[in-house]
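**Q**
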Amino acid sequence: MRTNKFLAAVGCCAILATGAVVPDAHAREAGAVPRLTDEQGRTLTLRGWNVEDKNHRGDQALSAITERTFRDLRANGFGLARLLVFWDDLEPVRGRYSQAYLRKIERILDWAHRYDVRVLIDAHQDVFGPAFGHRGIPEWATRTDGLPFTPHPDDWFSEYYEPAVQRAFTHLYGDEDLRRAQASMWQVLARRFAHHPAVLGYDLINEPMGEFRAGEDPATAARRIEAEQLTPMYNRLARAVRSADRLHWVFVEPTPAVGEGVPTGLGRIKDPKAVYAPHFYNTAMEAGADYDPSAGWIESYESAVTAYPKKYGVPVVVGEWGPLNSELPHMGRFYTDALASLARYTSGWAGYVWCYGGGYCAADAGGVLRPNKALTATPYARAVAGRVRSETYDPSTRTYRLVYVAGHGTTELSVPTGVRGWRVRVAGPGSVRGLDVRAVAGATVTVTVAPRA
């Protein structure tokens, strides 16, 4: 995502309209927003990064993603990868699905499973797709009615507001044959990967957009698109996934306007395993600006984004977040504030993006987490066998504390660089072996993870 005048305008209005202040403590009272659970009923926390290859197609598709990616994710304590896949690669010719592309996805899933990383398969699009010089929806599924398109190479996100791009979204949502094609694409993916042990779920479309009506202000347009077009689309696609896979979660996103504190207009997704998956980007920081703690952006975002999951009783996983430049003077404060906020209401997040270099990349060329991004690598409980009463993390001492009422099964902890260098203590009728904790069902247990002295 990049800065643009539309989101800047929306952001100004949203921040003025919302004045909620959230607690400073890095803690969450259980029950505020539902938590994600696994097939054993354990409470899950997901921490990880997006994994992508936007530069290669055809025979070279996904070649930038290697086994090293998952080895390094796991070494830093991360257990989630949001894998970007592209419809234009999967179905380059209408009705002909690339078996080679499916095999490449499967190879990546195999690597993820080897390193105990769960994968969210994301049907990604940027500016609709290759008809406009990007990736996503195939050219054969792009209908513009001859409306104009002008590229914006210095601000690609602004291309979403070109008439041809907006009309293409209208046809995708409304044309029956394109609806069927999109559903069929998801059936192919779900049928192929329903039984792969690395799969967590399916993100049905990345950062969906739509067409504005004459005289419509941006926030109103976003809510209408979400209510009238995205909600029925998600229900259609969820049904398509369920025809092949009844186990895994389906993730649904609002429009990117949510990033500036605009409450979503999405309606109920009629699926028992739906997850709300907004993105968490700030317009100014996307343009390279430093974090301004006094602006109240994080507080505004949290207030707006939690309304939907509370109303419909669905868990939240933030699918993308992170600034373009993490090395500015106030970015340490940003990561501390952002992580504290995300801990209060989400079941986890995927930072953008796991690569080796500069800009958005999580790690440098040697694989070391870059300044301030290293703050994302903390101890946490990947799975809690029981009811979470509280979780806290103190970044000043790097101490994680979990209090829960134990059920049956094993609570799994995760720490950067494995168990070495960390001390795990259990208070209450329980025991720890490595990073696994078992406790007497019904007992209240406190688990503390801290660096060894």
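Numbering-wise (my numbering), the sequence shown opens with residue 17 and increments by one.
Where is the CB? At the ideal position from N, CA and C, for every residue including glycine.
Note the first and the last residue of the continuous beta strand (DSSP E) segment covering residue 6.
**A** Residue numbering for the chain in the displayed model covers 17 to 469; residue 6 lies beyond these limits and cannot be assessed.
**Q** Answer with buried or exposed for residue 364, where buried requires no fewer than 16 other C-beta atoms within 10 angstroms of its C-beta.
**A** Residue 364 sits at position 348 when you count from the first residue of the sequence shown. By the 10 Å Cβ count, residue 364 comes out buried.
**Q** Return the CA-CA distance between residue 129 and residue 56, expressed in angstroms with no decimal places.
**A** One-based indexing of the sequence shown puts residue 129 at position 113. One-based indexing of the sequence shown puts residue 56 at position 40. Cα to Cα, the separation comes out at about 18 Å.
**Q** Output the distance between the C-alpha atoms of residue 449 and residue 441, rounded to the nearest integer angstrom.
**A** Along the sequence shown, read from residue 1 onward, the residue named residue 449 stands at position 433. Along the sequence shown, read from residue 1 onward, the residue named residue 441 stands at position 425. Each residue's CA atom was taken as its position, placing residue 449 and residue 441 some 10 Å apart.
**Q** According to DSSP, is residue 227 part of a helix, a strand, or is it coil?
**A** Here residue 227 is taken as the residue at index 211 of the sequence shown, counted from 1. If DSSP states are grouped into helix, strand and coil, residue 227 belongs with coil.
**Q** May I have the straight-line CA-CA distance separating residue 195 from residue 241, to the nearest angstrom?
**A** Numbered from its first residue, the sequence shown carries residue 195 at position 179. Numbered from its first residue, the sequence shown carries residue 241 at position 225. Approximately 16 Å, taken between the alpha carbons.
**Q** If you check the beta carbons only, do residue 366 and residue 96 fall under 8 Å apart?
**A** Sequence index remark: in the sequence shown, residue 366 carries index 350 (1-based). Sequence index remark: in the sequence shown, residue 96 carries index 80 (1-based). In this structure, residue 96 lies closer than 8 Å to residue 366 by Cβ.
**Q** Which one or two residues does DSSP pair with residue 138 in a beta bridge?
**A** By one-based count along the sequence shown, residue 138 stands at place 122. Answer by DSSP bridge pairing, in chain order: 100, 219.
**Q** Does DSSP classify residue 313 as helix, strand or coil?
**A** Locating residue 313 in the sequence shown gives position 297, counting from the first residue. It is helical.
**Q** So does the region 146 to 153 actually touch the region 264 to 275, counting three or more Cβ pairs closer than 8 Å?
**A** When Cβ pairs closer than 8 Å are counted between the two stretches, the region 146 to 153 is seen not to touch the region 264 to 275, the count staying below three.
**Q** Just to confirm before moving on: does the CB-CB distance between residue 146 and residue 107 stay below 8 Å?
**A** Indexing the sequence shown from 1 puts residue 146 at position 130. Indexing the sequence shown from 1 puts residue 107 at position 91. Contact flag unset, no.
**Q** Measuring CB to CB, does residue 386 end up less than 8 Å from residue 342?
**A** Position 370 of the sequence shown holds residue 386. Position 326 of the sequence shown holds residue 342. Less than 8 Å divides the Cβ of residue 386 from the Cβ of residue 342.
**Q** Should residue 60 and residue 399 be called a contact, given that it needs their Cβ atoms to be closer than 8 Å?
**A** Residue mapping note: residue 60 aligns to position 44 of the sequence shown, counting from 1. Residue mapping note: residue 399 aligns to position 383 of the sequence shown, counting from 1. A contact, by the Cβ cut-off of 8 Å.
**Q** Would you tell me roughly how many angstroms separate the C-alpha atoms of residue 379 and residue 373, rounded to the nearest one?
**A** The residue labelled residue 379 in the question sits at position 363 within the sequence shown. The residue labelled residue 373 in the question sits at position 357 within the sequence shown. Straight-line Cα distance between these residues: approximately 6 Å.
**Q** So what does residue 66 bridge to, in DSSP terms?
**A** Numbered from 1 along the sequence shown, position 50 holds the residue referred to as residue 66. Answer is 98.
**Q** How many whole angstroms separate the CB atoms of residue 254 and residue 290, which I take to be in contact at a CB cut-off of 8 Å?
**A** Residue numbering aside, residue 254 sits at position 238 when the sequence shown is read from its first letter. Residue numbering aside, residue 290 sits at position 274 when the sequence shown is read from its first letter. Right, their Cβ atoms sit about 7 Å apart.
**Q** Taking the straight line between their C-alpha atoms, what separation do you get for residue 169 and residue 405?
**A** In the sequence shown, the residue the question calls residue 169 occupies position 153. In the sequence shown, the residue the question calls residue 405 occupies position 389. Near 49 Å, if we compare the C-alpha coordinates of residue 405 and residue 169.
**Q** At the level of alpha carbons, what is the spacing between residue 134 and residue 214?
**A** Numbered from 1 along the sequence shown, position 118 holds the residue referred to as residue 134. Numbered from 1 along the sequence shown, position 198 holds the residue referred to as residue 214. About 5 Å.
**Q** Do residue 90 and residue 219 have their beta-carbon atoms positioned less than 8 Å apart in this structure?
**A** Along the sequence shown, one-based indexing puts residue 219 at 203. Along the sequence shown, one-based indexing puts residue 90 at 74. Result no, Cβ atoms of residue 219 and residue 90 do not sit closer than 8 Å.
**Q** Can you grab the Cα-Cα spacing for the pair residue 455 / residue 444, in whole Å?
**A** Here residue 455 corresponds to residue number 439 of the sequence shown, with the count starting at 1. Here residue 444 corresponds to residue number 428 of the sequence shown, with the count starting at 1. Near 8 Å, if we compare the C-alpha coordinates of residue 444 and residue 455.
**Q** For the putative contact between residue 418 and residue 451, defined by C-beta atoms under 8 Å, what is the C-beta separation to the nearest angstrom?
**A** Working through the sequence shown from its first residue, we reach residue 418 at position 402. Working through the sequence shown from its first residue, we reach residue 451 at position 435. Not really, about 12 Å apart at Cβ, beyond 8 Å.
**Q** What do you reckon, are the CB atoms on residue 50 and residue 338 nearer than 8 Å?
**A** Stepping through the sequence shown from its first residue, residue 50 is reached at position 34. Stepping through the sequence shown from its first residue, residue 338 is reached at position 322. No, the pair does not count as a contact, with Cβ atoms beyond the cut-off.
**Q** Does residue 399 come out as helix, strand or coil in the three-state DSSP assignment?
**A** Locating residue 399 in the sequence shown gives position 383, where the first residue counts as 1. Residue 399 falls in the strand class under three-state DSSP.
**Q** Rounding to the nearest angstrom, what Cα-Cα distance links residue 113 and residue 350 in this structure?
**A** Here residue 113 refers to the residue found at position 97 of the sequence shown. Here residue 350 refers to the residue found at position 334 of the sequence shown. Rounded to whole angstroms, residue 113 to residue 350 spans 43 Å at the Cα level.
**Q** DSSP state of residue 364, grouped into three classes?
**A** One-based indexing of the sequence shown puts residue 364 at position 348. For residue 364, the three-state secondary structure derived from DSSP is strand.
**Q** Ends of the beta strand (DSSP E) at residue 373?
**A** One-based indexing of the sequence shown puts residue 373 at position 357. Note, residue 373: premise wrong, no beta strand (DSSP E); not H, not E.
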